[in-house]
Amino acid sequence: MTEFFFRVAVLTVAAYFLGCFNGAVIVSKYILRDDVRNHGSGNAGLTNFYRTFGGSLTAVVILTDVLKAVVAVWAGVFLLGGFAPGFWGDDLVVYGKYWGGLWCMLGHMFPCMFQFRGGKGILSGGAIAIMIDWRVALVVWGGFLILAVATKYVSLGSCWAGASFPFATWFVFHDPILLVLAVIMGGLILWKHRENIKRLLAGNESKFSLRKKKGVDKA
């Protein structure tokens with residue numbers, strides 16, 4: 000048991016600090032020398048970065064936030080799943096995916112190296128969903144894309160992703176521990192979008208456009 004809890008501790012710390020490598024902040028602050036959090040909604044996420052700066056560096060933001068999520072989930076697989084026989088079928092593998100994903104999201108949303116002002120977790124969370132199980136990803140991403148494309152409200156699709164994640168988790172795994180982790184992860188996404196939800200209800204939420212409009216993003 001000592002080794003197990005040591006592995007959990009290592010995974011927790013590693014996944015959190017992986018999450019802290021926020022692509023939007025790193026690119027804007029250290030490459031463009033203009034912190035994205037000083038523009039638009041002040042959010043350190045992909046949507047605000049694209050609307051503020053646009054350009055090819057958006058791909059760097061995407062790559063950074065996706066890769067860190069992939070590495071965090073795989074760290075969970077290897078650290079909690081171990082290398083024993085039955086590695087791929089062991090329940091600890093799935094627990095490791097969720098635990099690594101959760102702490103990566105926490106690092107992304109509340110990065111200690113950037114004054115705990117991070118993003119809203121959609122891009123990283125979407126990558127985590129794909130790494131966890133294709134059925135979970137289908138529900139999360141399917142609803143997100145349909146709503147975002149149909150309404151042009153990225154935040155509405157994001158809220159679907161957060162709200163549907165626990166239901167998809169329960170449908171696929173029927174595991175109460177995973178459900179609790181999924182509720183926390185989905186709840187964090189909804190909480191980070193609380194201002195967007197207020198604007199959606201009030202009818203004054205900003206719609207997404209492929210044309211960047213500096214300083215007006217609220218997504």
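For the sequence shown, numbering that gives the first Met the number 0 assigns the number 218 to the last residue and increments by one with no breaks.
Glycine residues also receive a C-beta, built at the ideal position from the N, C-alpha and C atoms.
{"Asked": "Counted within 10 angstroms of its Cβ, other Cβ atoms place Asp33 as buried (16 or more) or exposed", "Found": "exposed"}
{"Asked": "CB-CB length for Phe164 against Gly185, believed under 8 angstroms", "Found": "4 angstroms"}
{"Asked": "7 angstroms Cβ shell around Gly120 - same chain, five flanking residues per side excluded", "Found": "Met104, His107, Met108, Leu187, Ile188 and Lys191"}
{"Asked": "Three-way DSSP call (helix, strand, coil) for Leu17 in this model", "Found": "helix"}
{"Asked": "Cβ neighbour criterion (16 or more within 10 Å) applied to Ile30", "Found": "exposed"}
{"Asked": "Leu62 versus Asp90, Leu200 and Ala126, residue with shortest Cα-Cα distance", "Found": "Ala126"}
{"Asked": "With 16 other Cβ atoms within 10 Å as the buried cut-off, status of Pro175", "Found": "exposed"}
{"Asked": "Proximity of Ala43 and Val24 at Cβ, strictly below 9 angstroms", "Found": "yes"}
{"Asked": "Residue environment, Cys19, which counts as buried when at least 16 other CB atoms sit within 10 Å", "Found": "buried"}
{"Asked": "Within 9 angstroms, strictly: CB atoms of Asn47 and Gly117", "Found": "no"}
{"Asked": "Pairwise C-alpha distance: Ala160 and Val9", "Found": "28 angstroms"}
{"Asked": "Rounded Cβ spacing between Gly80 and Val92 (contact assumed at less than 8 angstroms)", "Found": "4 angstroms"}
{"Asked": "Ala14 versus Val153, Ile145, Glu194 and Tyr97, residue with shortest Cα-Cα distance", "Found": "Tyr97"}
{"Asked": "Alpha-carbon to alpha-carbon, Val65 and Phe16", "Found": "14 angstroms"}
{"Asked": "Extent of the continuous alpha helix (DSSP H) to which Leu31 belongs", "Found": "Where Leu31 is concerned, there is no enclosing alpha helix (DSSP H), given that its DSSP letter is neither H nor E."}
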